[in-house]
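Participant:
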Amino acid sequence: MSTYDEEHEIPQSELVALCSNCHSMVHRRKEAMDVDELKSIVQNKRNN
Numbered sequence: 001m002s003t004y005d006e007e008h009e010i011p012q013s014e015l016v017a018l019c020s021n022c023h024s025m026v027h028r029r030k031e032a033m034d035v036d037e038l039k040s041i042v043q044n045k046r047n048n
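Heads up: the sequence shown runs through residues 1 to 48, numbered per full-length UniProt numbering.
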């Protein structure tokens with residue numbers, strides 16, 4: 001969302017609520033990771 005140059009409406013169906021820890025993880029990279037990638041990382045950590 002921060003990369004949009006002008007006003008841009010995001011449909012509610014595309015929004016995901018994240019806790020502050022997950023929100024920080026999503027924005028650790030230059031390009032924000034998508035939620036599916038975050039889910040995969042969390043699942044891999046749980047399995048190891």
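In this text, a Cβ means the ideal position worked out from N, Cα and C, and glycines have one as well.
1) Measuring CA to CA, which of Glu9, Glu7 and Val26 is closest to Ser40?
2) Report yes if the CB atom of Val16 is closer than 8 Å to the CB atom of Val42, and no otherwise.
3) If you follow the alpha helix (DSSP H) that Met25 is part of, which residue opens it and which one closes it?
4) Using the three-state DSSP reduction, which class does Ile41 fall into: helix, strand or coil?
Facilitator: Checking against the coordinates, here is how it stands:
1) Of the residues Glu9, Glu7 and Val26, the one whose Cα lies closest to the Cα of Ser40 is Val26.
2) In this structure, Val16 lies away from Val42, with their beta-carbon atoms at least 8 Å apart.
3) Membership of Met25 in the alpha helix (DSSP H) is indicated by the continuous run Ser20 to Val26.
4) Helix at Ile41.
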